[in-house]
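Student: Questions regarding the structure given below will be posed in turn.
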Amino acid sequence: MAQEAYLRAYVAEQQKEIDQPKAYLFRIARNIALTELTKKSKKITDYLEESGASEVIEYGAAADSEVEARESLGLYCEAIAALPEKCRQVFLLRKVHGLAHKQIAERMSLSVSSVEKYLLRGILECKAFVQEHEGYVPNREASMMAESGRGKGKQ
Amino acid sequence: MRENIVEFPDRKAIEEEAGAWLIKLDGDSAPSAEELTSLREWLERSPVHREQLGSLADFWGKMNVLTELAVPLGHPEDRANRSFVESLRHAIPRIRRAGFVTAVFVIGVGIASSFWLRPEPFLSSNGLYATAVGQQQPTTLADGSVVLLNTNSQFTVDYDNEYRNIRLLQGEAHFTVAKSAARPFRVYAGNGRVQAVGTAFSVYLKDNTIDVTVTEGEVVLASVNRLDKNRLPQQSLHPSAVPSSGSNTIVDNGFVEILGTIKAGESATLRSFLDADTVSTINAIETVEAQEMAKRLSWREGMLTFAGDPLEVVVDEISRYTTVSIEITDPAVRATRIGGRFPIGETDAMFDHLEANFGLRVTRLSHDRVLVSVAED
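So the protein lines, in turn, are chains A and B.
The first sequence: position 134 = 134 (the working numbering), numbered continuously.
Here the working numbering runs 155 ahead of the position in the second sequence, where the first position is 1.
Rendered as structure tokens:
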């Protein structure tokens, strides 16, 4: 039961964080951002589904375990680090901090449409980066996918 | 428009269009009906279009894991760059990959110029704590009490010199209270109040009921009701305005009635009336056997345990931890008794179990909807 082991390790690790009271505020910040972004992702899939895209789209996001997600985190960081500065700032404010497009625009004194241009560039470049570096993804992800008998539908 | 022969598509151009759609859908305001119509048209152009947008949306969703790096944001005009990189390290204690460290530092420098960190409020643990769906989180408060927050839950902490006040706004939490006779520990949920000195208990706020289960020591249950109906529940129930002891005490804006005491191994359900001045009542106090207690609290170990519960109940419970919506249309299926122990978050393992052992079929209607029905032989 990989998930159970993982959860235990996670809880233990969180316990360690307690010596550092700063960690609380970070967790709150993280939860707020995550809740916001999860809601938005769900909406996006709803729109796509309503628009008849569901038969082709195989979403991995919901099926992936948290462990796999965490392993991708490093790769995403590298992808983002490769973005040009402004683009990176905008992208991080959206995907790390969960700020709305308008809030990012205000914070960075940009127009909303510029923010969206940066986000577009960000996601396309990150995706290309991740595809190029797919070898980085640890092998066990592949074996876990095979074990669970769940195809990724990405041929 | 249906084409049997699809021209060799320019994937790059399509991907860019897909990206533009995705960012539009990610925008602050919902897409208009017109936009949705043109989205539909766009998607109908070819399977490649659908695949590109689908895989970008998938990727976008996976990137939500980046919130692991979140730090509290301050005002954009002030800066405190130095503390930033240092604090980022606290935010990501699970550094596993060597390359990751470098990347984080590069990013750290990149965003440090756009905001600063509030340097002060780390001293106290007062504030709001929350978990997303499927997430669980322990928190140690300033006095050493530990709160384990279950999925999709929120609470606020308001400690002062006299009381340790917690308000459970949503969901479920288990409290292991550090002993401090001088400062009672009080959990407010709906219009119920659970008070302890040094003990362990869990509170689950669900619709109009508050379930309290005591694992150690004892707690005093009380109903807190407002006299002024025009006030918002949270204002009028502001914990510091309510006294800790004495029954039927009228204070400036609340009416506290002690309902009773429950001790370790017992569980009580309170009915909560947030919008009425009716007194809360204890629906039932029950003695919970050790086995049942372990089952009820197995979420604390990241497990869900079922012992012959109807599938309907099982699905309700599982649904608290996932954004996948599980549908059952057949009433006979709803009543199927289910037993088993599942790691939280492994919804798929549960579906496999249902198919293998209970003669049920689980059909994926879409990525976030499944239907449970009877398997046909």
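Beta carbons are placed, not taken as given, at the ideal position from N, Cα and C, and that holds for glycine.
Tell me which same chain residues have a C-beta within less than 7 Å of the C-beta of residue 478 of chain B, skipping the five on either side of it?
Tutor: Walking along the second sequence from the start, residue 478 of chain B turns up at place 323. Cβ within range, chain order: 288, 523.
Student: Give the residues of chain A in contact with residue 331 of chain B, contact being defined as C-beta atoms less than 8 Å apart.
Tutor: Residue 331 of chain B sits at position 176 when you count from the first residue of the second sequence. Going along chain A, no residue has its Cβ under 8 Å from residue 331 of chain B, so there is no contact; the nearest lies around 12 Å.
Student: List the DSSP bridge partners of residue 458 of chain B.
Tutor: Along the second sequence, one-based indexing puts residue 458 of chain B at 303. Answer by DSSP bridge pairing, in chain order: B:498.
Student: To which residues of the same chain is residue 205 of chain B closer than 7 Å at the C-beta, ignoring the five residues directly before and after it?
Tutor: Sequence index remark: in the second sequence, residue 205 of chain B carries index 50 (1-based). Cβ within range, chain order: 198.
Student: Between the Cα of residue 361 of chain B and the Cα atoms of B:312, B:426, B:418, B:373, which residue gives the shortest distance?
Tutor: By 1-based counting over the second sequence, the position of residue 361 of chain B is 206. The candidate whose alpha carbon is nearest that of residue 361 of chain B is B:426.
Student: Along chain A, which residues have their Cβ under 7 Å away from the Cβ of residue 218 of chain B?
Tutor: The residue labelled residue 218 of chain B in the question sits at position 63 within the second sequence. Chain A residues near residue 218 of chain B: 76, 95.
Student: Could you have a look at residue 530 of chain B and say whether DSSP puts it in helix, strand or coil?
Tutor: For the purposes of this step, residue 530 of chain B is identified with residue 375 of the second sequence, where counting begins at 1. Residue 530 of chain B: coil per DSSP, three-state reduction.
Student: Judging by CA-CA distance, which residue of B:285, B:485, B:224 is the nearest neighbour of residue 325 of chain B?
Tutor: Here residue 325 of chain B refers to the residue found at position 170 when the second sequence is read from its first residue. It is B:285.
Student: On the DSSP letters alone, give me the boundaries of the alpha helix (DSSP H) that residue 210 of chain B sits inside.
Tutor: For the purposes of this step, residue 210 of chain B is taken as residue 55 along the second sequence, with counting starting at 1. Counting along the chain, the alpha helix (DSSP H) containing residue 210 of chain B begins and ends at 202-217.
Student: For chain A, find out if any of its Cβ atoms is closer than 8 Å to the Cβ of residue 454 of chain B; answer yes or no.
Tutor: Translated into positions along the second sequence, residue 454 of chain B becomes position 299. Judged by the 8 Å Cβ criterion, residue 454 of chain B is not in contact with chain A.
Student: Would you mind telling me which residues of chain A sit closer than 8 Å to residue 529 of chain B, beta carbon to beta carbon, in chain order?
Tutor: Locating residue 529 of chain B in the second sequence gives position 374, counting from the first residue. The contacting residues do not exist; residue 529 of chain B stays about 23 Å from chain A at best.
Student: Label residue 363 of chain B either buried or exposed according to how many other C-beta atoms from any shown protein chain fall within 10 Å of its C-beta, with 16 as the threshold for buried.
Tutor: In the second sequence, counting from the first residue as 1, residue 363 of chain B sits at position 208. Burial call: exposed.
Student: Take residue 474 of chain B and list the residues in its own chain whose beta-carbon comes closer than 8 Å to its own, dropping the five residues that flank it on each side.
Tutor: The residue given as residue 474 of chain B occupies position 319 in the second sequence. Here the set comprises 480, 481.
Student: Could you give the C-beta distance for residue 318 of chain B and residue 339 of chain B, rounded to a whole number, given that I count them as a contact under 8 Å?
Tutor: Sequence index remark: in the second sequence, residue 318 of chain B carries index 163 (1-based). Sequence index remark: in the second sequence, residue 339 of chain B carries index 184 (1-based). Contact holds; Cβ gap of about 6 Å.
Student: Chain B partners of residue 72 of chain A, CB-CB under 7 Å?
Tutor: The residue you call residue 72 of chain A lines up with position 72 of the first sequence. Result: 217, 220.
Student: So the candidates are A:29, A:35, A:82, A:86; which of them puts its Cα closest to the Cα of residue 216 of chain B?
Tutor: As a working note, residue 216 of chain B is residue 61 in the second sequence. Ranking A:29, A:35, A:82, A:86 by Cα distance to residue 216 of chain B puts A:35 first.
Student: Kindly provide the ranges of any alpha helix (DSSP H) runs that are 4 or more residues long and lie completely inside the region 470-526 of chain B, ordered along the chain.
Tutor: If we require 4 residues or more, the alpha helix (DSSP H) runs fully inside the region 470-526 of chain B come out as 486-490, 502-512.
Student: Check each candidate in B:292, B:495, B:520 and name the one with the smallest Cα separation from residue 508 of chain B.
Tutor: Position 353 of the second sequence, counted from the start, is the residue given in the question as residue 508 of chain B. Here the closest residue by C-alpha is B:495.
Student: Is the region 499-507 of chain B close to the region 439-446 of chain B, with three or more CB pairs under 8 Å?
Tutor: Touching, no, given that fewer than three Cβ pairs across the two stretches are closer than 8 Å.
Student: At a cut of 8 Å, does the region 75-84 of chain A reach the region 41-55 of chain A through at least three beta carbon pairs?
Tutor: Contact between the region 75-84 of chain A and the region 41-55 of chain A is absent, because fewer than three Cβ pairs lie under 8 Å.
Student: Report the rounded CA-to-CA distance for residue 312 of chain B versus residue 320 of chain B, giving the unit in angstroms.
Tutor: Translated into the one-based positions of the second sequence, residue 312 of chain B becomes position 157. Translated into the one-based positions of the second sequence, residue 320 of chain B becomes position 165. Using only the alpha carbons, I get a separation of about 6 Å.
Student: Could you round the C-beta distance between residue 301 of chain B and residue 328 of chain B to whole angstroms and report it? I think they count as a contact, below 8 Å.
Tutor: Start at 1 with the first residue of the second sequence, and residue 301 of chain B comes out as number 146. Start at 1 with the first residue of the second sequence, and residue 328 of chain B comes out as number 173. About 10 Å separates the two Cβ atoms, so there is no contact after all.
Student: Compute the distance between the beta-carbons of residue 112 of chain A and residue 102 of chain A, then report whether it is under 8 Å.
Tutor: Within the first sequence, residue 112 of chain A is the residue found at index 112, counting from 1. Within the first sequence, residue 102 of chain A is the residue found at index 102, counting from 1. Yes. Within cutoff.
Student: Taking just the CA atoms, how far does residue 334 of chain B sit from residue 181 of chain B?
Tutor: Counting from one through the second sequence, the residue named residue 181 of chain B turns up at place 26. Counting from one through the second sequence, the residue named residue 334 of chain B turns up at place 179. Roughly 47 Å between the two C-alpha positions.
Student: For a contact defined as C-beta to C-beta under 8 Å, what are the partners of residue 51 of chain A on chain B?
Tutor: Sequence index remark: in the first sequence, residue 51 of chain A carries index 51 (1-based). Near residue 51 of chain A (Cβ distances below 8 Å), the residues of chain B are 191, 194, 195, 198.
Student: Which residues, in order along the region 30-41 of chain A, keep a beta-carbon less than 8 Å from a beta-carbon of chain B?
Tutor: Hits within the stretch, in order: 30, 31, 32, 33, 34, 35, 37, 38, 40, 41.
Student: Got a sec: which bits of the region 105-139 of chain A sit with their beta carbon under 7 Å from any beta carbon on chain B, in order along the chain?
Tutor: Residues passing the 7 Å Cβ filter: 107, 108, 116, 119, 120, 123, 124, 127.
Student: Distance, Cα to Cα, residue 462 of chain B vs residue 307 of chain B?
Tutor: Counting from one through the second sequence, the residue named residue 462 of chain B turns up at place 307. Counting from one through the second sequence, the residue named residue 307 of chain B turns up at place 152. Their Cα atoms are separated by approximately 24 Å.
Student: Let's see if you can read the secondary structure: which residues bound the beta strand (DSSP E) around residue 348 of chain B?
Tutor: As a first step, residue 348 of chain B must be located in the second sequence, where it is residue number 193. Where residue 348 of chain B is concerned, the enclosing beta strand (DSSP E) stretches over 347-351.
Student: When burial is assigned at 16 or more other CB atoms within 10 Å of the CB, is residue 377 of chain B buried or exposed?
Tutor: Walking along the second sequence from the start, residue 377 of chain B turns up at place 222. Flag for residue 377 of chain B reads buried.
Student: Identify whether residue 181 of chain B lies in helix, strand or coil by the three-state DSSP scheme.
Tutor: Taking the second sequence and counting its residues from 1, one reaches residue 181 of chain B at position 26. Looking at residue 181 of chain B - three-state DSSP - the assignment turns out to be coil, as it is neither helix nor strand.
Student: Quick check on residue 299 of chain B: buried or exposed, where buried means 16 or more other Cβ atoms within 10 Å of its Cβ?
Tutor: Here the question's residue 299 of chain B lines up with position 144 in the second sequence. Exposed, since its Cβ has fewer than 16 Cβ neighbours within 10 Å.
Student: Of all Cβ atoms in chain A, is any one closer than 8 Å to the Cβ of residue 223 of chain B?
Tutor: Counting from one through the second sequence, the residue named residue 223 of chain B turns up at place 68. Output row for residue 223 of chain B: interface = yes.
Student: Measuring CB to CB, does residue 372 of chain B end up less than 8 Å from residue 353 of chain B?
Tutor: Here residue 372 of chain B refers to the residue found at position 217 of the second sequence. Here residue 353 of chain B refers to the residue found at position 198 of the second sequence. Result yes, Cβ atoms of residue 372 of chain B and residue 353 of chain B sit closer than 8 Å.
Student: Mind pulling the beta strand (DSSP E) runs of 3 or more residues that sit fully within the region 89-138 of chain A?
Tutor: Listed in chain order, nothing qualifies, since the region 89-138 of chain A has no complete beta strand (DSSP E) run of 3 or more residues.
Student: Just how far apart, CA to CA, sit residue 514 of chain B and residue 493 of chain B?
Tutor: In the second sequence, residue 514 of chain B corresponds to position 359, counting from 1. In the second sequence, residue 493 of chain B corresponds to position 338, counting from 1. C-alpha separation (whole angstroms): 11 Å.
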